[in-house]
Amino acid sequence: MTQYSPKSAQGDRPASPSFYKAARGIGSWLYTLDHKRIGIMYLVFVLAAFLLGGVFALLVRTELLTPGKTIVDANTYNRLFTLHGVVMVFLVIIPSIPASLGNLILPLQLGAKDVAFPRLNLASFYIYLIGACFALYSLVNGAVDTGWTFYTPYSNTTDTSVISMVLAAFILGFSSIFTGLNFIATTHSLRAPGMTFFRMPLFVWALYATSVIQILATPVLAITLLLLLAERVLKVGIFDPAMGGDAVLFQHFFWFYSHPAVYIMIVPGFGVVSELITTFSRKPIFGYRAIAMSSIGIAIIGFLVWGHHMFTAGQSEIAGMIFSFLTFLVAIPTAIKVLNWTATMYRGSIVLRTPMWYAIGFLYLFTVGGLTGMYLATAGTDVHLHDTYFVVAHFHFVMMGGTMFAFLGGLHYWWPKITGRMYNETLGSFACLVAFIGFNMTFLTQFVLGAQGMPRRYYNYLDQFQPLHAFSSVGSYVLGLGFLLSAVCLLGTLFKKSDAPDNPWEGTTLEWQTASPPPLENFHDQPAVNAGPYDR
Amino acid sequence: MMDQSTSTLTMLPTQASTIAPGYDLLFWVITYMCVFFFVLIIGAGTYFVFKYRYRGGEHRVDTNHTHNTTLEIAWSVVPLFLCIGLFAWGFKLYLDFAIPPKDAIEIRVTGQKWAWNFEYDNGAASAKEFAVPLNKPVKLIMTSRDVLHSFFVPSFRTKMDVVPGRYTTMWFQATQVGPQQVFCTEYCGTSHSDMLAKVLVLPEKEYEDWLEKHRDDPNATPADKGKKIFNGKGGCNACHAVAADQAIPVIGPKLWQLFGRAEKMADGAQLTVDENYIRESIEYPNKQTVAGFAAGAMPTFKGVLSDKEISDLIAYLKTLK
Amino acid sequence: MAIMGREYHHAHHFPSARAEADAAKLGMWTFLATEVLMFSGLFMAYTAYRSTHAEMFKAAHQLLDWRLGGLNTLVLILSSLTMALGVRSAQQNKREQSAFYLVVTLLCAGAFLVVKYFEYTHKIHLGLLPGGYYTYNGPEFAGIDSPHIFFGIYFLLTGLHGFHVLFGMIAITWILLRTTRGDFSSKYYTPVELVGLYWHLVDLIWIYLFPLLYLVG
Amino acid sequence: MTQANATHSSNHGDGHGDEPHVLPMQVYLGVWAALVFLTIVTVAVSRFDFGSANTFVALLVATIKGALVVLYFMHLRYDNKLYLIILLASLLFVSIFFTPTLIDLHTRDALDPIKGRTMYKLSTSKAKSQDAAPAPAAH
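Protein chains in written order, with my numbering: chain A, 1 to 536; chain B, 1 to 321; chain C, 1 to 217; chain D, 1 to 139.
Printed below as a string of structure tokens:
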């Protein structure tokens, strides 16, 4: 029996208007307290930032077509890869799934009318906009050439506009904290009657684990950036060796946030993939509790491992030993997830629609990304590979191949629910295939480049690396084309009549039990839950 | 430029140090393990996708296997043991990198914005390249004069960051004669990608000759000593060209026909070059910057070069016509 | 969420007023966790430099006046008491009493900042400032390197804490206004309770800050 | 829009009705008196020299005061246990941040003493000259 036992038949209720029609005019968007409108506004700006970050990436790859100057000089190149890093990390990938899909879908999956603190949710969006404005101001004011890691003493001695970019990241941190705080409160207080913690969908579990990381890690980024500002303005000397400080201490502060941050990026992707694989295999997830608990496990162990970024940074060998061992522990829950997804597909009835193609793409790419993490967790092999293109390939495999593929999969999966319109299936699947091919062309070659010793953030490189760089650059164009196609596929649906059924994929979770797009109150009457999220 | 044979097929550069074979063994063991698990997991996934593909009609689904405790325990414990094994082997290799043999020759390496300088115990000094004896352990004691850098020799598989205000060490024992490429792998600004150097691995005899050549002999004229400082300890050749036919480096102003030349400053002031101006530019480079050059690019040499060494440098600069 | 004088209606998306109050308190405690972690960064910098520059910290702390620090501690503890009593009165529908306690809390917070002002002017006058602005040549630091780091950490810790006292004063003033307007009752006192929780945390941070900065052993 | 009257209280209700839980005045005054007394103890404790245990004792007294504030003034003793878990979790993750960083700071010279020496004995007080020349390596 399905999870949702309606009090009265759905059919005879007068269809209340979708949340788009519930209010009109620009004011209904700027002052909205509806989690769905805030989710859509976030989605628009995240996709715009993704386009901007993507343009920077293509410029970086075009410059690297040939050693020496191809289109820009060294200083501009340093600014380009820094902006690519900062825009992609702080403006795109951290808010992408939690702030857009999370805001849209979490209340629906919980059977709630809205998030716990709607005004805080709107404040979080406006803080995100203010942070983005600071980043744009820094962009036009000479940008930053320190890399997205802002390592001292370079970041407090360079004369580029570091202060405005650091303020941007500082402000964006609060937007992330407020989203996390909102989801924790919503998950604890607004679950549908009968929905115990172990009857929640896995997407909600993933967002809950992500919120815990956001709450516990982002404040340390805030204080790190504050200290960096104090370093530049007051010459406090905590991180500046010239004033008696310790540059490696900054790396400890920075990575204590930034490694959990990569789990803020990937764990929501796990949540989306759990939903996709279950729905499109027509089968309850294999090992529900294992996957739910592994999200929490990754969230906690993710805090213990940051030192593997500093094996060759002058960190003591004993600390390196501790961090190397703990980094292997975090591999276990991640492996459990991938194995459980594969086991879910066993004896299922797999419907190969675009979201499922993105989920399968995720499985391929994330497994490669995760396994190459073995080289970097093992202290010995990391010595040769650290700060080379091997690391660049590793984190693009897990971030781009992982989170962005999951994000696109989730976007296609919930597009009918959000916009009430179905996208074109062939165009969607083709876009996924092009992106998949482009991705592998771009980043598989970078594994080889890195192993051969090609350092990262190099404007000018030795001639023998040129063929691989050229191939990787061409691959990046194909990847860009793939994402462009998926943009055309999705945005194209906005110009046609809303034709999406309420439950196009026969999903079992609560969001599919209401209209597409849902009314302002999400559900005509409060759904009650009396079974697991995926029981058919 | 790089003379190791690194064809795109072999992933790793040539093995030019004693630790490289051990490193490559662990690298390939991890690679085969990853390929095995990738084929196992993704192979199973791909097989399931095609075998259980929905071919229309009614969904035939087996919904009673939603968890299998023994299988789940197995695929948690087995990776755990593999991880512990990898950790142990990896950390042993890490300690091999970290602990140099007692009899290693010590060379002091100093990184500064975009050049490496090397100093030997017998006073020999050089910039951009330095000699090491074949089949003998060498320990580098490294520091930086301004920002973070990192000393990376791919063919030795060794890398260690160079932190200002502190010493970090690295050791290797070269097993292959010939120059080995050195990269800087910690981002350090504009010419981070040009901050290269060469390790000249020489047999014993040639290594001794090289040292002699780079040692400052007592009866050298101040200009000769200045030239050795210019190309050695000072590392000035990394940024300043000394002859008309030298196209690069162009980071700093050109230094031939220097004395008596009228220089236009960045702030528009006009001054003729004399000894005080040169001494001041060496000790406080950011006080005056020549028009068209990046301010703050040149680190201070106050406290690094003694007054006598600076006067030798000036003597050498005077000889440049 | 319409608040009309006495009568209070909970938000439409909460099943009950109690659920809404619990969610608000959960949200506040989560926010307090972020405050704890934010200050932990500064305590980390303190611990890192005290463990590596022990003698510098011992020499530098003599220049702090522990009597003023102690006075500030007592002032903040008193303000914590009056804040808690303010919340208690709001829970008992005693509007005037609650307003009175909130005013006393505000006065204590003001007193705290005034004492801080004197401490800061004294240090600025002596030249005991962070990094680039440090110009003090006193006898205490003969043979001790980089004493400016202690004062860098001192100004960052007490400065950030001072800002949080300021934010607290703004929040208490807002609550005071709403109390006098009669918004709170035994049925609905959540905002007073949350500002109280925030204020107690600000006091808690100073309780740890006082011995670590002023009374280095 | 009929509101389905799902009037069951939130699922972690701790059995209280809607009346707030108010502590008697003596509890607040007692806690306040204890805090004042402990502040005096804090100052007194710093007078004696317990050697390396100085910091530990000072932190112990501060933690007792903190516990009093948290349990009574912040009402944590009578509230939902979840809030106590959140506070303790934040303290746990603070210790996770401290421990490995301090291990690193203090074991850098474990294998090679030269890695422990900071080269710049730099002091900004104008009286001291900047000793930036790298000291020759100790053999």
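Glycine is no exception: its CB is placed at the ideal position from the N, C-alpha and C atoms.
Run of the alpha helix (DSSP H) containing residue i, from where it starts to where it stops
i, result
"P285 (chain B)", "Taken as a continuous stretch (DSSP letters only), P285 (chain B) belongs to no alpha helix (DSSP H), as it is neither H nor E."
"N440 (chain A)", "E425 to A451"
"D121 (chain B)", "Premise fails: D121 (chain B) is in no alpha helix (DSSP H) and is neither H nor E."
"W174 (chain C)", "H148 to T180"
"F362 (chain A)", "T354 to A377"
"W66 (chain C)", "W66 to Q91"
"A457 (chain A)", "Inspection of the sequence shows that residue 457 (chain A) is occupied by Arg rather than by Ala. Careful: R457 (chain A) lies outside any alpha helix (DSSP H) and carries neither H nor E."
"L197 (chain C)", "T190 to Y214"
"F323 (chain A)", "E317 to M345"
"N182 (chain A)", "V162 to S189"
"C188 (chain B)", "Where C188 (chain B) is concerned, there is no enclosing alpha helix (DSSP H), given that its DSSP letter is neither H nor E."
"F50 (chain A)", "H35 to E63"
"K187 (chain C)", "That residue, K187 (chain C), is in no alpha helix (DSSP H); it is neither H nor E in DSSP."
"N103 (chain A)", "N103 to L110"
Residues near residue i in its chain [Cβ-Cβ closer than 6 Å; skip 5 each side]
i, result
"L172 (chain A)", "F90 and G131"
"F50 (chain A)", "V92"
"A22 (chain A)", "L520"
"I153 (chain C)", "A45 and Y46"
"T82 (chain C)", "Y101, V104 and T105"
"A135 (chain D)", "In this prediction, A135 (chain D) scores a pLDDT of 37, lower than 50, which makes its location untrustworthy; no coordinate-derived value is stated."
"G102 (chain A)", "L207"
"V351 (chain A)", "F280"
Per DSSP, cross-strand counterpart(s) of residue i
i, result
"V132 (chain B)", "B:V201"
"R108 (chain B)", "B:E119 and B:I141"
"C236 (chain B)", "According to DSSP, which records beta bridges pairwise, C236 (chain B) is partnered with nothing at all."
"H149 (chain B)", "B:V162"
"L271 (chain B)", "B:E263"
"F183 (chain B)", "B:F152"
"S17 (chain B)", "B:A174"
"L305 (chain B)", "B:K302"
"I350 (chain A)", "B:R53"
"T388 (chain A)", "A:P455"
"S18 (chain A)", "A:P519"
Nearest-angstrom beta carbon gap, residue j and residue i [assumed within contact, 8 Å]
i, j, result
"F301 (chain B)", "G252 (chain B)", "Rounded, the Cβ-Cβ distance is 13 Å, inconsistent with contact."
"L468 (chain A)", "M356 (chain A)", "Wrong, their Cβ atoms sit about 33 Å apart, outside the cutoff."
"F57 (chain C)", "R50 (chain C)", "5 Å"
"G380 (chain A)", "F91 (chain B)", "7 Å"
"F97 (chain B)", "T18 (chain B)", "Their Cβ separation, rounded to whole angstroms, is 11 Å, which puts F97 (chain B) and T18 (chain B) out of contact at 8 Å."
"V204 (chain A)", "L110 (chain A)", "6 Å"
"S126 (chain B)", "G232 (chain B)", "5 Å"
"K139 (chain B)", "E186 (chain B)", "Not quite, the Cβ-Cβ distance comes to about 20 Å (not below 8 Å), so this is no contact."
Continuous beta strand (DSSP E) stretch holding residue i: start and end
i, result
"I213 (chain A)", "Taken as a continuous stretch (DSSP letters only), I213 (chain A) belongs to no beta strand (DSSP E), being part of the alpha helix (DSSP H) at L202 to L234."
"D161 (chain B)", "T158 to V162"
"W171 (chain B)", "T168 to Q173"
Spatial neighbours of residue i in its chain, beta-carbon cut-off 8 Å, leaving aside the 5 residues before and after
i, result
"G189 (chain B)", "K113, W114 and V147"
"Y257 (chain A)", "A217, T218, V220, L221 and T224"
"R37 (chain A)", "F19, S28 and W29"
Buried or exposed by the 16-neighbour rule on C-beta atoms within 10 Å, applied to residue i
i, result
"N78 (chain A)", "buried"
"I282 (chain B)", "buried"
"G30 (chain D)", "exposed"
"Y316 (chain B)", "buried"
"L40 (chain B)", "exposed"
"N276 (chain B)", "exposed"
"S185 (chain D)", "Residue 185 (chain D) is absent from the model: chain D starts at 1 and stops at 139."
"Y126 (chain A)", "exposed"
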